[in-house]
Amino acid sequence: MSDASELPPPIAAIAVLSPFLRRAAGTRALRGFDWCAALEAPETPDRLSAELVTMLGADVPLAQALRELRARTLARLIVRDASGRASLDEVVSALSSLATVAVVEAERQTRAELTARFGTPCSPDGHPQHLQVVAMGKLGGGELNASSDIDLVFVYPEDGETDGERGIDNQVFFIRQGRALIGLLAEMTADGMVFRVDMRLRPWGDAGPLAVSHAMLEGYLLAHGRAWERYAWMKALVLTGTPDDASALNKIIQPFVYRKYLDFGAFDALRDLHRQIRAEVARRDLRDNIKLGPGGIREIEFVAQIFQLIRGGRESDLRVRSTRDALRRLAAAGRMPADTAQTLLDAYDFLRRLEHALQYVDDAQTQMLPGADEGRTRVAGLMRYASWDALAADAA
Numbered sequence: 093m094s095d096a097s098e099l100p101p102p103i104a105a106i107a108v109l110s111p112f113l114r115r116a117a118g119t120r121a122l123r124g125f126d127w128c129a130a131l132e133a134p135e136t137p138d139r140l141s142a143e144l145v146t147m148l149g150a151d152v153p154l155a156q157a158l159r160e161l162r163a164r165t166l167a168r169l170i171v172r173d174a175s176g177r178a179s180l181d182e183v184v185s186a187l188s189s190l191a192t193v194a195v196v197e198a199e200r201q202t203r204a205e206l207t208a209r210f211g212t213p214c215s216p217d218g219h220p221q222h223l224q225v226v227a228m229g230k231l232g233g234g235e236l237n238a239s240s241d242i243d244l245v246f247v248y249p250e251d252g253e254t255d256g257e258r259g260i261d262n263q264v265f266f267i268r269q270g271r272a273l274i275g276l277l278a279e280m281t282a283d284g285m286v287f288r289v290d291m292r293l294r295p296w297g298d299a300g301p302l303a304v305s306h307a308m309l310e311g312y313l314l315a316h317g318r319a320w321e322r323y324a325w326m327k328a329l330v331l332t333g334t335p336d337d338a339s340a341l342n343k344i345i346q347p348f349v350y351r352k353y354l355d356f357g358a359f360d361a362l363r364d365l366h367r368q369i370r371a372e373v374a375r376r377d378l379r380d381n382i383k384l385g386p387g388g389i390r391e392i393e394f395v396a397q398i399f400q401l402i403r404g405g406r407e408s409d410l411r412v413r414s415t416r417d418a419l420r421r422l423a424a425a426g427r428m429p430a431d432t433a434q435t436l437l438d439a440y441d442f443l444r445r446l447e448h449a450l451q452y453v454d455d456a457q458t459q460m461l462p463g464a465d466e467g468r469t470r471v472a473g474l475m476r477y478a479s480w481d482a483l484a485a486d487a488a
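Laid out in structure tokens, this is it:
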């Protein structure tokens, strides 16, 4: 079934609210799609991995397979979420798993291609080196949203050279690999893209090299690391490379993020950052932005992470990447009143589900509330409200 006009009634009702879903129903990715199974079966990481393995086994090129997998995953999540079958946890876990699978497979293919040309990157004592793709932001926290970009940093353990006849420096190898990996994920093709990739959280931002060694990263964090970078690196999750290399990288990151003493200085630094964000929100008139506006998603994240930064050096149980996990652990440790934590969790759940509804409409990276009646009707319907007024009453 590939024609949107042939959709089963429950799916057709949802497609009325989502132009993206209507368009996707007519694409190659959803040809022969089992909509009834999509409605009833929860989305799981194992299902995503198995589906990709099947496509690659049928000789579908990786770039095409990843784009089709994203289209199918998003279609399944829209119909399950809009029908009340999917929890927030299912949605963000599935989207994070999709991004992880995509990154891991892209890293594997790009490494194989470059190794065939230049040999294996090695340390001076001959140990093979691997690109470590570090997920930051909501991907690092396992809480990715429906139309998000992904924040990545590329790291490798040691400098050296490849062992091929056409040997090149390790950094050159990994920069080339990083560029190829970004292309596999972010290039717009006839099948769309997988994820936009944002590399601005790397050392020195856009002015810095695309891939850095452990020594370069450590030197940067010690000499130049700022308060907002501690906030950012708190969510760092290593997706590729060996377990030993991941452990070595975490030993660099953890002391930078979490200090051994009660770090009340972090509060002042993040309060200043929060003040700057508030000023930017006012300047750009982003009051209707549910991520950046007053009382939005970003402010809930700030609350959790301030507590984590202050106390995480001494209380290792608070060193978690997920905002929801952090709030639960803060309450369990007595660092936040249980009713306050629950209020924040409920608000976070509502705002994240609203964020997804905004993005389900047209697969657009937006957190702005719609001003037009048509947009409001669609968003309210995707959240299973009878009207925008009913949704607004719950949000108040």
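For the sequence shown, the positions run 93 to 488 when this note's numbering is used. Beta carbons: idealized from backbone N, C-alpha and C, even for Gly.
Residues near Leu384 in its chain [Cβ-Cβ closer than 6 Å; skip 5 each side]
Position 292 of the sequence shown, counting from 1, holds the residue named residue 384. Once the five neighbours on either side are set aside, the close Cβ partners of Leu384 are Val373, Leu378 and Arg390.
Do Ala472 and Ala485 come within 8 Å of each other at the CB atom, strictly closer than that value?
Numbered from its first residue, the sequence shown carries residue 485 at position 393. Numbered from its first residue, the sequence shown carries residue 472 at position 380. No, they are not a contact pair.
If contacts are defined as beta-carbon pairs under 8 Å, then Asp251 and Ser305 qualify, I think. What distance do you get, rounded to the angstrom?
For the purposes of this step, residue 251 is identified with residue 159 of the sequence shown, where counting begins at 1. For the purposes of this step, residue 305 is identified with residue 213 of the sequence shown, where counting begins at 1. Between Ser305 and Asp251 the Cβ distance is about 5 Å, and since that is below 8 Å, they are a contact.
Pick out whichever of Ala272, Gln451, Met460 and Ala396 has its Cα sitting closest to the Cα of Leu437.
Walking along the sequence shown from the start, residue 437 turns up at place 345. Nearest of Ala272, Gln451, Met460 and Ala396 to Leu437, Cα basis: Ala396.
From Ser94 to Arg123, what distance separates their C-alpha atoms?
The sequence position of residue 94 within the sequence shown is 2, counting from 1. The sequence position of residue 123 within the sequence shown is 31, counting from 1. With a pLDDT of 44 at Ser94, under the threshold of 50, the modelled position of that residue is not reliable, and no figure is offered here.
On the criterion of 16 or more Cβ atoms from any shown chain inside 10 Å, does Glu235 qualify as buried, or is it exposed?
Residue numbering aside, residue 235 sits at position 143 when the sequence shown is read from its first letter. The residue in question, Glu235, is buried, as its Cβ has 16 or more Cβ neighbours within 10 Å.
I'd like to know whether the C-beta atoms of Thr332 and Gln269 end up nearer to each other than 8 Å.
Position 240 of the sequence shown, counted from the start, is the residue given in the question as residue 332. Position 177 of the sequence shown, counted from the start, is the residue given in the question as residue 269. No.
Once you ignore the five residues that flank Glu98 on each side, which residues in its own chain have a CB closer than 7 Å to its CB?
In the sequence shown, counting from the first residue as 1, residue 98 sits at position 6. None.
Determine the DSSP secondary structure at Ile382, reduced to helix, strand or coil.
As a working mapping, residue 382 is identified with position 290 in the sequence shown. Here Ile382 sits in coil by DSSP.
Within the continuous beta strand (DSSP E) that includes Ser110, where are the two ends?
In the sequence shown, residue 110 corresponds to position 18, counting from 1. Per DSSP, Ser110 belongs to no beta strand (DSSP E) and is neither H nor E.
Which class does Val225 belong to by DSSP, given the choice of helix, strand or coil?
One-based indexing of the sequence shown puts residue 225 at position 133. In the structure shown, Val225 sits in a strand (DSSP, three-state: E or B).
CA-to-CA distance, Asp173 to Asp336, given in whole angstroms
Your numbering for residue 336 matches position 244 in the sequence shown. Your numbering for residue 173 matches position 81 in the sequence shown. Each residue's Cα considered, the two are about 38 Å apart.
Return the residue from the list Ala487, Gly149, Trp127 and Glu197 that minimises the CA-CA distance to Leu223.
One-based indexing of the sequence shown puts residue 223 at position 131. Selected option, being the one with the closest Cα: Glu197.
So Arg292 packs on Asp298, CB below 8 Å; how close in whole Å?
Taking the first residue of the sequence shown as position 1, residue 292 is located at position 200. Taking the first residue of the sequence shown as position 1, residue 298 is located at position 206. Indeed they touch by this definition, with Cβ atoms about 6 Å apart.
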